[in-house]
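Reading through the structure tokens given below for one structure.
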Amino acid sequence: MNPAPHLILIGPMGAGKSSIGRRLAERLGLPFTDMDSAIEAHAGTKVTTIFDLEGEAGFRAREREMLAEVLHSPAGVIATGGGVVLAEDNRRLLREGAFVVHLDISVEGQLERLARDRTRPLLQRPDREAVLRTLAEERAALYADVADLRFSTDGMSAHEAALQLARLVDAKWQRSEAAA
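Each residue of the sequence shown is one higher than the one before, counting from 1 in the UniProt record's numbering.
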């Protein structure tokens with residue numbers, strides 16, 4: 001068990017981090033933070049605009065700052081972006097300050113869930129399946145490196161996944177007080 005004040009959801013896009021996270025936070029009686037939404041609120045613009053103006057590197061810098069900020073806030077459930085694990089500093093922060101749940105999904109499941117989504121900068125390419133497969137290969141070991149628990153969301157609704165995950169988390173997560 002990893003005693004920690006925060007429960008953080010990591011995983012690929014389309015795995016359900018935001019939709020499951022909201023429901024899970026409600027079930028656990030904790031506040032919910034979606035990091036991409038928090039980055040947008042802080043920047044005063046959309047993630048897509050940040051990518052357009054600053055590139056992925058600019059977005060990743062903002063993501064690192066936001067992760068550090070949310071980990072110093074009161075305990076809660078936090079949904080990250082899929083690439084949060086790319087930076088070693090982020091992986092260290094995740095390991096040290098959170099119980100980390102890797103929400104996993106197959107590429108086929110991602111394609112189904114993201115079929116009509118045109119808001120994700122990394123998917124603004126003609127061959128979405130190839131992009132998702134490449135990202136899965138590049139990030140799988142990084143997700144595994146920091147995860148305290150792996151949970152597949154394939155074939156589940158957000159409601160069903162949150163119910164099942166709440167039971168698992170209740171058995172495995174030892175909550176502690178947030179860092180001051």
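Even glycine gets a Cβ: it sits at the ideal position worked out from N, Cα and C.
Could you check the C-alpha separation between N90 and T119 for me, to the nearest Å? 24 Å
Name the one or two DSSP bridge partners that A4 has. R175
Since S152 sits in a beta bridge, which residues does DSSP pair it with? D104
Using the three-state DSSP reduction, which class does T119 fall into: helix, strand or coil? coil
Which runs of the beta strand (DSSP E), 3 residues or longer, sit entirely within the segment 44 to 97? 77 to 79
Below 8 Å, how does it come out for the segment 164 to 180 and the segment 108 to 119: are there three or more Cβ pairs, yes or no? no
I39 vs R62 beta-carbon contact at 9 Å: yes
Excluding the 5 residues preceding and the 5 following A4 in the sequence, name in chain order all residues of the same chain whose CB lies nearer than 7 Å to its CB. G97, A98, F99 and S176
What are the boundary residues of the alpha helix (DSSP H) that residue 241 is part of? For residue 241 there is no data in the structure shown, the boundaries of the chain being 1 and 180.
Using only the alpha-carbon positions, how far apart do D34 and I78 sit? 6 Å
Less than 8 Å between the CB atoms is what I'm expecting for E129 and L149, so what's the real figure, rounded? With a Cβ gap of about 28 Å, E129 and L149 do not count as contacting.
Nonlocal neighbours in the same chain, by C-beta distance under 6 Å from H102, ignoring five residues either side: Excluding five sequence positions before and after H102, the CB atoms of its chain that fall closer than 6 Å to its own CB belong to I10, G11, Y143, A147 and R150, given in chain order.
I need the boundaries of the alpha helix (DSSP H) containing G21, first residue and last residue. K17 to L28
How long is the line joining the alpha carbons of A140 and G29, rounded to whole angstroms? 30 Å
Between A180 and H72, what straight-line distance do the alpha-carbon atoms span, to the nearest angstrom? Any answer about A180 is weak, because its pLDDT of 47 lies below 50 and its placement is not dependable; what the coordinates show is given next. Distance between the alpha carbons of A180 and H72: 7 Å.
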